[in-house]
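One structure is given here, and the rest of the page talks about it.
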Amino acid sequence: MRHRPSPGPRLLVITGLAGSGKTHVSRALEDAGWFCVDNLPTALMPSFVELILRSPELRRSALVVDVRERGFLEAFPGVYRRLRSRGLAVSLLFLEADERTLLRRFSETRRPHPLAVGEPPIEGIRTEREALRPIRRMADVILDTSRFTVHQLRDYVHERYDVSAEGRPMVIAIISFGYKYGLPPEADVVFDVRFLPNPNFVPRLRRRTGADPAVVRYLQRQPDTRAFLRRSLSLLSFVAPRHEREGRRYLTIAVGCTGGRHRSVMVANRIGAALRRDWRQVRVYHRDARQG
Numbered sequence: 000m001r002h003r004p005s006p007g008p009r010l011l012v013i014t015g016l017a018g019s020g021k022t023h024v025s026r027a028l029e030d031a032g033w034f035c036v037d038n039l040p041t042a043l044m045p046s047f048v049e050l051i052l053r054s055p056e057l058r059r060s061a062l063v064v065d066v067r068e069r070g071f072l073e074a075f076p077g078v079y080r081r082l083r084s085r086g087l088a089v090s091l092l093f094l095e096a097d098e099r100t101l102l103r104r105f106s107e108t109r110r111p112h113p114l115a116v117g118e119p120p121i122e123g124i125r126t127e128r129e130a131l132r133p134i135r136r137m138a139d140v141i142l143d144t145s146r147f148t149v150h151q152l153r154d155y156v157h158e159r160y161d162v163s164a165e166g167r168p169m170v171i172a173i174i175s176f177g178y179k180y181g182l183p184p185e186a187d188v189v190f191d192v193r194f195l196p197n198p199n200f201v202p203r204l205r206r207r208t209g210a211d212p213a214v215v216r217y218l219q220r221q222p223d224t225r226a227f228l229r230r231s232l233s234l235l236s237f238v239a240p241r242h243e244r245e246g247r248r249y250l251t252i253a254v255g256c257t258g259g260r261h262r263s264v265m266v267a268n269r270i271g272a273a274l275r276r277d278w279r280q281v282r283v284y285h286r287d288a289r290q291g
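Residue numbers (numbering that gives the first Met the number 0): 0 to 291.
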């Protein structure tokens, strides 16, 4: 497997919803070898970039910016676009979580929402989510932290951004999911396998998952399953090395069916097993297999 030299300076800008884990991500990045600055005024971002370009020790830097700064929503889009035109590798990580998770986190920390001081947190959560939609659309990576523990979030950051891992082979993550629970926002490639026959309508298979041998046999007998696996693996054998060649460290492939229990699980496992023949770091996760 090829190893790439470490690329030039990089700036990771972290933003998103209050309570979504920005502070935990910043701490994990520091542990992974990044220089992190929290709540830098948007107007100072260009000056910070100049410092990065002149300082080798800042070649991996991260900024946390959010609505705590007055004028952030108005100023950030223009400033960020100017930064991307400077030739520095700049990327935007947007963190979010579902409403129930955010409410639970605010309840646990007993801290007010920055946009709803003296009011119920739900008001601030909804106001902020709507206000940040334009910035969310600019993001290179959108990460929903609803199902992450603090330790899982730290591991996610280390896998994607650990400075000591630069030059190592790309990590490929394969996630099975159910469309009824939402598309994984971190996905780079998405396969929709809802066209395959659904084991949920076979009474003896309904309660099982796509990891069960009986479900695997049922799906493997279907001509469309075999044809899809053949074509999808051919596509991935073409695109994955090219993503790595461009310096990508982490490629997320999502496989979805209706409920995330049968078809997507079986297909994700098969894709993972096939990719492991050529890639050392392949991980398979079943997000929704135990739902319902």
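Here a beta-carbon is modelled for each residue, glycine too, at the ideal position from N, C-alpha and C. All values reported here derive from a predicted model rather than from experimental measurement.
For the 8 Å CB-CB criterion, V63 and S90 do not form a contact. Shown here for A210: same chain residues with a beta carbon closer than 8 Å to its own, the five before and five after excluded, namely V264, M265, N268, H285, A288 in chain order. Within the same chain, Cβ atoms closer than 7 Å to the Cβ of D37 are found at S25, V63, the five residues on either side in sequence being excluded. Nearest Cα to E68 within the set W33, E127, E118: E127. Per DSSP, G15 lies in no alpha helix (DSSP H) segment; the continuous beta strand (DSSP E) that holds it begins and ends at 9-15. Between A74 and C35, the C-beta gap is not smaller than 8 Å, which leaves the two residues out of contact. According to DSSP, Y249 shares a beta bridge with V170. Taking one beta carbon from each stretch, the region 118-135 and the region 42-57 have fewer than 3 pairs nearer than 8 Å; the two do not touch. Exclusion of the five residues before and after R207 leaves P198, A213, V214, H261 as the residues of its chain whose Cβ lies within less than 8 Å of its Cβ. Scanning the region 212-240 for uninterrupted alpha helix (DSSP H) segments of 4 residues or longer gives 212-219, listed from N- to C-terminal end. G255 is not a Cβ neighbour of D187, given a cutoff of 8 Å. According to the DSSP assignment, E29 belongs to the alpha helix (DSSP H) that extends over 21-30.
Within the region 80-113, complete alpha helix (DSSP H) segments of at least 4 residues are found at 98-108, given in chain order.
Secondary structure of S145 (DSSP, three-state): coil.
Per the coordinates, the alpha-carbon of V238 lies some 13 Å from the alpha-carbon of R230.
Following the DSSP letters along the chain, one finds L62 inside the beta strand (DSSP E) bounded by residues 59-63. Counting along the chain, V266 sits inside the alpha helix (DSSP H) bounded by residues 262-274. DSSP lists no beta-bridge partner residue for G123. In this structure, DSSP gives G77 a helical state, which the three-state scheme calls helix.
Using a 10 angstroms sphere on the CB of T144, the tally of other CB atoms reaches 16 or more, which defines it as buried. For V192, no alpha helix (DSSP H) segment is defined, and its DSSP state is neither H nor E.
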